[in-house]
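Chains as they are written, first to last, in the numbering used here: chain H, 1 to 287; chain G, 1001 to 1750.
Beta carbons are placed, not taken as given, at the ideal position from N, Cα and C, and that holds for glycine.
A quick note: this is a predicted structure, and the numbers were derived from the prediction, not measured.
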Amino acid sequence: MQYHSPSSFNEAVAISNSSSGLVKYLAGGTDVLVQLKIGTKSPDHLIDIKNIPGVREISLRDDGGYTIGAAVSGAQLTDHKELSKKWPGLVEGMELVGSAQIQSRATLVGNLCNGSPAADSVPGMIAAGASVSILNSSGTKDVLVEDIPSGPGSTSLKNGELITAINLPKRNDYEGDAYLRFIPRTEMDIAVVGCAVNLSLENGFITTAKVVLGAVGPKVMLAHSAADCLVGTKLDDNILSRFSAKCSQIAKPISDKRGSAEFRKDIIGVIAQRAARKAYDRALGKY
Amino acid sequence: MAKDELAKDFKYIGTRPNRPDGYDKVTGRAKYGADVAAVGMLHGAVLRSPYAHARITSINFEKASKLDGVKAIITRDDFPVGIDGDTLNLLENTIAGEFAYYDGHAIAAVAATTVHIAKEAINEIEVEYEVLPHVIDVDEAIKPDAPVIKNNARDFSVPEGSSPNVASYIEFGTGDIDGGFDKADLVKSGRFKTEAAHQGYIEPHACMAQLDHDGQGEMWVCTQGHWYIRQMCASVLGLEASKLCVTPSEIGGGFGGKTTIFIEPLALALSKKSGGRPVKIVMSRAEVLRATGPTASASMDVKIGITKDGYLTSGSVEFRMQGGAFGGSPVSEALQCAFAPYNMPAAHHIGYDILANRPRAAAYRAPGSPMAAFAVESLIDEICTDLNLDPIDVRLKNAVKEGDKSSYGPKFKKIGLIETLEAAKDHPNYSISLGDNQGRGVAAGYWMNHGGETSVSVSLAEDGSVNVTVGTPDIGGSRASIALMTAETYGIPYDSVRVNIAETGALGFNEPTHGSRATLASGKAVYEAANQTISEMCQRVARKWQIDPDAVFWENGYAKPAGANAGDFSPISIKQIASEMDQTGGPIAGHHEASIRGVGHSFGVHIADVEVDPETGRITVLRYLVAQDAGRAIHPSYVEGQFQGGAVQGIGWALNEEYVYGADGCLQNAAFLDYRVPVASDLPNIDTIIVEVPNPDHPFGVRGVGETGIAPPLPALANAVNAAVGARLRSLPMSPGKVLKTIKTGEDGC
């Protein structure tokens, strides 16, 4: 195995394109290094992107949105007061990943590229309408986060393609997001189900809604029809129970060691309902 | 010391000094199993079966042996033949012969110059298997069409017509069972099931071994009992026991799981085959979960009769326990504990030890007692609910006390169950008001404790400080406890005592630190050995004073004249006596060897408060109280630690710990990520009450305290969940999916 530490994204992509065998990009390493150690993946080339200038920075763009570098850690996100205030749901999703030690290394991009349908930070990014900047040998392109996961453990990224940053849209008043997951313990578990909700309000009425379900299908999924239940409402109990039933209906989970399909279908509705309530309260500025 | 003279006022006992091993452990200097290294050391790795049950048709390690750096490869062919009985089971579990009996069963092992080469070599060994049908569940294993795991597993006790997967049968009882049920106003019965649980020690098994063709060997190992390691390794390898010297490392938890062999004989055999080079093997967590421990899984039927005012009239149990592919589940202990807290006019017990394609069960904290408590204490709670009786009052009405004959035979000496129940009842936790979806559960538990073979020595250093040498590895603070008892016996400061854990050559045979015995048994033996040296010191002082030895007595670190008639002499300190040893007869040392008896049974009562999320089935433990009889708390902090640790392991077993097997019989959750022991944030502070009803058979009143605490949490939490949301789970673990199903359907999970 060869370790590379390029000083620019272009150099990283060039190394990737000129290397043979299994090539992995390395940011925080909280997935890659574990896979390497237990022997599930043995890369021939590891390309560490952490030393590329700007890759660990969070910046406010001219259009009012944030750009988050590919190697920004979970702890950096949490520490960024403005971003945390505007996107509490996205930040709390990332914050659920691992312990304090893991948080100081783990990244949003890594969580996304790992391709897990149970990834805690991905539903929040999709609900936020975030996109990623992808660099390949022919240049840069912008792709929505929702188009990256393609199945359990896989992504739509082509060989050599590198995500350089995540772009969040501008945040307006009366908008709020939330992410909740269900785990049997309080820490250290992988989500049995997860749900992110992002809402915009006008006079208390929901004008736009995005609902994203995790761990109930082969990939993190947008639940359009569930989101449609919420639009035009003030989220009363009636609406919430319809919304909950819809989420359960959409979910297509499997049974595995973390929970049965039946249980997952049951509780995705419960968790989604609680996430919607939380996002709604945040949009109203309650907390 | 006569029994009625148990002292109550102590200078050192009952204080909380820092533990002698504390500094090393917090600075990282303490040497654990994997910290040992030697010049020329090789690294071992183990090839394990990927099948739950298979015939091994061939093993080809030609490719592996050609790898640069590979120094030895062993299979069953490198072990002696002609072994039978329990030793054969030990050997079979150490390394498979014709059959692999469970996912993770060792097939072959490699020693190489690096860990990486050893692991690479493992992957190059070619094994052909003929996959056989397997069975995992205890009830499935005794169905008529279940795969037969071994043709000759059953012993003489098994009744005709039983499943061939029954290894042994036990039945005992007392009184008129049917008459007792006739007298009852309420007779209730139920079936209960518990999953296997792993001991979950934080330190994986690790050892380094050296054995040459002269048959002399050495081993450094993380274990609860190095004489057991010596005995077992010697028997499966055909060595003379005394030729093998075993040194224990510090130990990062054992809970019973480190009282037997796994990798140790493999390391010795690899060392021998590589020409005597030291070989180190360290298990991964996945290996620990697939191939070591756990305790048994159980399926249990219980029937209890009671009068309407709460007096038990009769009880019967049938326990079926699966302890892996070699038998050895703790079904007999489970039966003994089942009704032990209560005066049962009639009690009947039946037990089956059953084989399944799972790892060989190892001891786990109060083996068998938690399962029994779950079944019996859950059913008693159901009865209390039906009759609208207070659960502590019912237990008080039926509680055993001094002089009562236990449900399994022995007559109780002084015991503290009533005092423990009263202490729990008086604690504020029993009366705090509860909110919606919150409930309180009560349960009692029992462990008989163990004394066992013990050998210790004590010697005076030339400056009057004292060296104590014991053979029981310090897992839960026993160095501190033994040092306190030594300090108390001599009347010298705690800091002037050093407690060493010696290798096998230094003392006579010692059983492991198991059965809650280290502080009790090594402590009692050290007391005897210390008194030998005190008597020797008094004799030397008597010679100096030229008076009768009986006229010298020992007090607070000084030899003193026994009274005015003895003469007018200034007391002589231990320091002075020690400094003159070479002039007065040479070294002063004492030793004591015995099978320690008079263990002092320990009862515990737990009160758990939980909140259940009725929409997800998730349980939060709000409050938790452990009350337990410690006899005498030598070092109260470590007694509390044992109470809390037992409670936490019981909580894990009750809530989320579970072996998840696939349809192929392979373990799917061989990692702490998915084998869910409680994490710190899952738990409230575990409140403790140390009840002290001194054990009359111990010089300081000690009872073992390590094990009882794991039994009550299983039923206490199930009882609390029922109180919270009216869902009675008769099957563990109470994972959210199961709880939600019970809430929705009323099914009990069995």
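One or two residues paired with W1554 of chain G in a DSSP bridge: Residue mapping note: residue 1554 of chain G aligns to position 554 of the second sequence, counting from 1. Paired residue(s): G:A1559.
Boundaries of the alpha helix (DSSP H) in which L1717 of chain G is found, first to last residue: Mapped onto the second sequence, residue 1717 of chain G falls at position 717. Looking at the DSSP string, the run of the alpha helix (DSSP H) that includes L1717 of chain G is P1713 to V1725.
Please list the residues of the stretch 172 to 200 of chain H that have a C-beta atom closer than 9 Å to any C-beta atom in chain G, keeping them in chain order. F182, I183, P184, R185, T186, E187, M188, D189, I190 and V192
Within 8 Å (strictly less), CB to CB, does Q1668 of chain G reach chain H? The residue you call residue 1668 of chain G lines up with position 668 of the second sequence. So, interface residue.
Cβ of I268 of chain H less than 8 Å from any chain G Cβ? If you number the first sequence from 1, residue 268 of chain H lands on position 268. False, the Cβ-Cβ gap to chain G never drops below 8 Å.
Inter-residue spacing [alpha-carbon to alpha-carbon] between I1607 of chain G and A1356 of chain G: Here residue 1607 of chain G refers to the residue found at position 607 of the second sequence. Here residue 1356 of chain G refers to the residue found at position 356 of the second sequence. If you take the alpha carbons of I1607 of chain G and A1356 of chain G, they lie about 35 Å apart.
Between G:G1523, G:V1458, G:Q1546 and G:A1566, which has its C-alpha nearest I1588 of chain G's C-alpha? On the second sequence, residue 1588 of chain G is found 588 positions in, with the first residue counted as 1. Measuring from the Cα of I1588 of chain G, the nearest candidate turns out to be G:V1458.
Using 10 angstroms around the beta-carbon of C113 of chain H, count the other beta-carbons present and answer buried if the total reaches 16, otherwise exposed. Along the first sequence, one-based indexing puts residue 113 of chain H at 113. Classification for C113 of chain H: buried.
Alpha-carbon to alpha-carbon, A1141 of chain G and V1621 of chain G: Against the second sequence, residue 1621 of chain G aligns to sequence position 621. Against the second sequence, residue 1141 of chain G aligns to sequence position 141. If you take the alpha carbons of V1621 of chain G and A1141 of chain G, they lie about 35 Å apart.
Simplified DSSP state of K1258 of chain G, which is helix, strand or coil: As a working mapping, residue 1258 of chain G is identified with position 258 in the second sequence. It is coil, neither helix nor strand.
Could you check the C-alpha separation between Q35 of chain H and G29 of chain H for me, to the nearest Å? The residue given as residue 35 of chain H occupies position 35 in the first sequence. The residue given as residue 29 of chain H occupies position 29 in the first sequence. C-alpha separation (whole angstroms): 9 Å.
Under 9 Å, CB to CB, which of the residues in the stretch 236 to 258 of chain H have a partner in chain G? D256, K257 and R258
Determine, using beta carbons only, whether Q2 of chain H and D48 of chain H come nearer to each other than 8 Å. By one-based count along the first sequence, residue 2 of chain H stands at place 2. By one-based count along the first sequence, residue 48 of chain H stands at place 48. No, the pair does not count as a contact, with Cβ atoms beyond the cut-off.
So, S1299 of chain G versus A1334 of chain G, is the Cβ gap smaller than 8 Å? Residue mapping note: residue 1299 of chain G aligns to position 299 of the second sequence, counting from 1. Residue mapping note: residue 1334 of chain G aligns to position 334 of the second sequence, counting from 1. Their beta carbons are not under 8 Å apart, which means S1299 of chain G does not touch A1334 of chain G by this criterion.
Which of the three DSSP states is assigned to Y1490 of chain G in this structure? For the purposes of this step, residue 1490 of chain G is taken as the residue at position 490 of the second sequence. The answer is helix: DSSP assigns Y1490 of chain G an H, G or I state.
Using beta-carbon positions only, say whether K1188 of chain G and I1304 of chain G come within less than 8 Å of one another. Numbered from 1 along the second sequence, position 188 holds the residue referred to as residue 1188 of chain G. Numbered from 1 along the second sequence, position 304 holds the residue referred to as residue 1304 of chain G. The answer is yes: Cβ separation under 8 Å.
In this structure, what does DSSP give as the bridge partners for Y1051 of chain G? By one-based count along the second sequence, residue 1051 of chain G stands at place 51. Y1051 of chain G pairs with nothing; no bridge assigned.
I'd like to check one pair, I1117 of chain G with L1067 of chain G: are the Cβ atoms closer than 8 Å? Reading the second sequence from its first residue, position 67 is the one you call residue 1067 of chain G. Reading the second sequence from its first residue, position 117 is the one you call residue 1117 of chain G. Result yes, Cβ atoms of L1067 of chain G and I1117 of chain G sit closer than 8 Å.
Closer than 8 Å by beta-carbon distance: list the chain G residues that pair up with S260 of chain H, in chain order. For this step, residue 260 of chain H is matched to residue 260 along the first sequence. Going along chain G in sequence order, the residues near S260 of chain H (Cβ under 8 Å) are G1737.
Name the DSSP beta bridge partners of W1220 of chain G, please? In the second sequence, counting from the first residue as 1, residue 1220 of chain G sits at position 220. DSSP lists G:M1208 and G:T1247 as partners of W1220 of chain G.
Listed by chain order, chain H residues near D1674 of chain G by CB distance under 9 Å: Reading the second sequence from its first residue, position 674 is the one you call residue 1674 of chain G. Residues of chain H passing the Cβ test: D189, I190, K257 and R258.
How is the alpha helix (DSSP H) around Y1352 of chain G delimited, first residue to last? Translated into the one-based positions of the second sequence, residue 1352 of chain G becomes position 352. Careful: Y1352 of chain G lies outside any alpha helix (DSSP H), inside the beta strand (DSSP E) at A1347 to I1354.
At a CB-CB cut-off below 8 Å, which residues of chain H make contact with V1679 of chain G? The residue you call residue 1679 of chain G lines up with position 679 of the second sequence. Going along chain H in sequence order, the residues near V1679 of chain G (Cβ under 8 Å) are R185, T186, E187 and M188.
Starting from V1541 of chain G, follow the alpha helix (DSSP H) in both directions and report where the run begins and ends. Position 541 of the second sequence, counting from 1, holds the residue named residue 1541 of chain G. Element bounds for V1541 of chain G: G1523 to W1545.
Nearest to V1135 of chain G (by Cα), restricted to the options G:P1359, G:A1269 and G:G1631: Here residue 1135 of chain G refers to the residue found at position 135 of the second sequence. Considering only alpha carbons, the answer is G:P1359.
Strictly under 8 Å for the Cβ-Cβ distance: is F263 of chain H near chain G by that measure? Indexing the first sequence from 1 puts residue 263 of chain H at position 263. Yes, F263 of chain H lies at the interface with chain G (some Cβ there is under 8 Å from its Cβ).
Give a yes or no on whether 8 Å exceeds the smallest Cβ distance from G285 of chain H to chain G. For this step, residue 285 of chain H is matched to residue 285 along the first sequence. No, its Cβ sits nowhere closer than 8 Å to a Cβ of chain G.
Is any beta-carbon of chain H found at less than 8 Å from that of E1615 of chain G? Walking along the second sequence from the start, residue 1615 of chain G turns up at place 615. True, the Cβ-Cβ gap to chain H drops below 8 Å.
Coarse secondary structure for G288 of chain H, derived from DSSP in three states: In the structure as shown, chain H starts at 1 and stops at 287, and residue 288 of chain H therefore has no counterpart that could be examined.
Rounded separation between K1183 of chain G and R1730 of chain G - CA only: Taking the second sequence and counting its residues from 1, the one referred to as residue 1183 of chain G is at position 183. Taking the second sequence and counting its residues from 1, the one referred to as residue 1730 of chain G is at position 730. One C-alpha to the other measures close to 26 Å.
Local Cβ density within 10 Å of V1693 of chain G, reported as buried at 16 or more and exposed below that: Within the second sequence, residue 1693 of chain G is the residue found at index 693, counting from 1. Buried, by the Cβ-count rule.
Could you tell me whether the stretch 1579 to 1595 of chain G touches the stretch 1673 to 1680 of chain G, using the rule of 3 or more Cβ pairs below 8 Å? no
I'd like the span of the alpha helix (DSSP H) that includes V1026 of chain G, first residue to last. Stepping through the second sequence from its first residue, residue 1026 of chain G is reached at position 26. Where V1026 of chain G is concerned, the enclosing alpha helix (DSSP H) stretches over G1022 to T1027.
Shorter than 8 Å from the beta carbon of N1656 of chain G to some beta carbon of chain H? Along the second sequence, one-based indexing puts residue 1656 of chain G at 656. Yes, N1656 of chain G counts as interfacial toward chain H.
Segments assigned beta strand (DSSP E), at least 3 residues, entirely inside the stretch 1557 to 1596 of chain G: 1558 to 1561 and 1589 to 1596
Taking 8 Å as the CB-CB limit, is V1110 of chain G close to chain H? For the purposes of this step, residue 1110 of chain G is taken as residue 110 along the second sequence, with counting starting at 1. No, no contact with chain H.
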